[in-house]
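Visitor:
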Amino acid sequence: MPGVLLCEIIFQTGALLIAKMVLADNGLQKNVPVITRIERAKFKRPVHPGDTAVVKVVLKEIISAVYFLKGTLKVGGKTAVQVGFSCALITSLEDE
46 MPGVLLCEII FQTGALLIAK MVLADNGLQK NVPVITRIER AKFKRPVHPG
96 DTAVVKVVLK EIISAVYFLK GTLKVGGKTA VQVGFSCALI TSLEDE
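In structure tokens form, the structure reads like this:
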């Protein structure tokens, strides 16, 4: 599978983590997490269609409305992708 799709899996998992945290704190309030930085992406082994991926995303730090995270995607218990990234919460423009 292309690396960009593997990273997208990790990023969407991070967005779910952030949404769950925001919902627990003060309700979703129409905020949308947006990727602001991708760093240290490492592709260690290929992932093929039909493989079962296990994704883990860890929150490293929050500064203001910016969340710094690290994600790992494993296949067969072996790390296939690691990536650090950050997301900012922005207000949805949908209602404007």
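Heads up: the sequence shown is residues 46 to 141, going by the numbering used here.
Quick reminder that beta carbons are idealized off the backbone N, C-alpha and C, glycines included.
Between the beta-carbon of Val-102 and the beta-carbon of Gly-116, is there less than 7 Å?
Guide: Along the sequence shown, read from residue 1 onward, the residue named residue 102 stands at position 57. Along the sequence shown, read from residue 1 onward, the residue named residue 116 stands at position 71. Yes; because the gap between Cβ atoms is below 7 Å, this pair is in contact.
Visitor: Using the Cα positions of Glu-84 and Phe-130, report the straight-line distance between them to the nearest angstrom.
Guide: Stepping through the sequence shown from its first residue, residue 84 is reached at position 39. Stepping through the sequence shown from its first residue, residue 130 is reached at position 85. Approximately 6 Å, taken between the alpha carbons.
Visitor: Roughly how many angstroms lie between the CA atoms of Phe-88 and Gln-127, to the nearest whole one?
Guide: Your numbering for residue 88 matches position 43 in the sequence shown. Your numbering for residue 127 matches position 82 in the sequence shown. Each residue's Cα considered, the two are about 7 Å apart.
Visitor: Ordered along the chain, which non-local residues of its own chain (more than five positions away) have a Cβ less than 6 Å from that of Val-77?
Guide: The residue you call residue 77 lines up with position 32 of the sequence shown. Counting only Cβ-Cβ distances below 6 Å, and skipping sequence neighbours, we find Ile-135 and Ser-137.
Visitor: Can you find the residues in the same chain that come closer than 7 Å, C-beta to C-beta, to Val-79, ignoring five residues on each side of it along the sequence?
Guide: The residue labelled residue 79 in the question sits at position 34 within the sequence shown. Once the five neighbours on either side are set aside, the close Cβ partners of Val-79 are Cys-132, Ala-133 and Ile-135.
Visitor: Verify whether the separation of the beta carbon atoms of Ala-98 and Leu-118 is less than 7 Å.
Guide: The sequence position of residue 98 within the sequence shown is 53, counting from 1. The sequence position of residue 118 within the sequence shown is 73, counting from 1. Yes, Cβ-Cβ distance for Ala-98 and Leu-118 is below 7 Å.
Visitor: Ordered along the chain, which non-local residues of its own chain (more than five positions away) have a Cβ less than 8 Å from that of Arg-90?
Guide: Taking the sequence shown and counting its residues from 1, one reaches residue 90 at position 45. Once the five neighbours on either side are set aside, the close Cβ partners of Arg-90 are Val-120, Lys-123, Thr-124 and Ala-125.
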